[in-house]
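Read through the structure below, which is laid out as structure tokens, and then see the notes.
In our numbering, the protein residues as written are 21 to 115.
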């Protein structure tokens with residue numbers, strides 16, 4: 021899929037980005053995905069690693085990892101989608 025997307029002109033890839041998959045993956049799994057994508061891309065397009073996490077400490081560890089991986093940028097996003105899902109599931113007021 022990576023090579024297909026690059027061949028079709030994608031301008032960059034965002035592994036473990038903003039679709040809330042972090043909830044289902046361990047930090048080690050996320051690191052392996054980031055490393056795999058960076059290796060496969062091999063500098064052809066930017067790789068922006070998603071480092072959003074359930075805890076600040078986890079986000080910091082992923083930030084450090086993304087900094088250490090050659091040719092990688094990183095993106096920290098608020099996972100409001102996940103919060104909205106929880107809020108809806110439990111009828112929680114956010115006021």
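Ideal placement from N, C-alpha and C gives every residue a C-beta, glycine not left out.
Here residue 53 has 35, 36 as same chain residues with Cβ atoms under 7 Å from its own Cβ, once five neighbours each way along the sequence are excluded. Look at residue 57 here: in three-state DSSP terms it is helix.
Leaving aside the five residues that flank residue 93 on each side, the residues in its chain whose CB is nearer than 8 Å to its CB run, in chain order, 66, 67, 68, 69, 86.
A straight-line Cα-Cα distance of about 16 Å links residue 28 and residue 63. Secondary structure at residue 43: helix, using DSSP grouped into helix, strand and coil.
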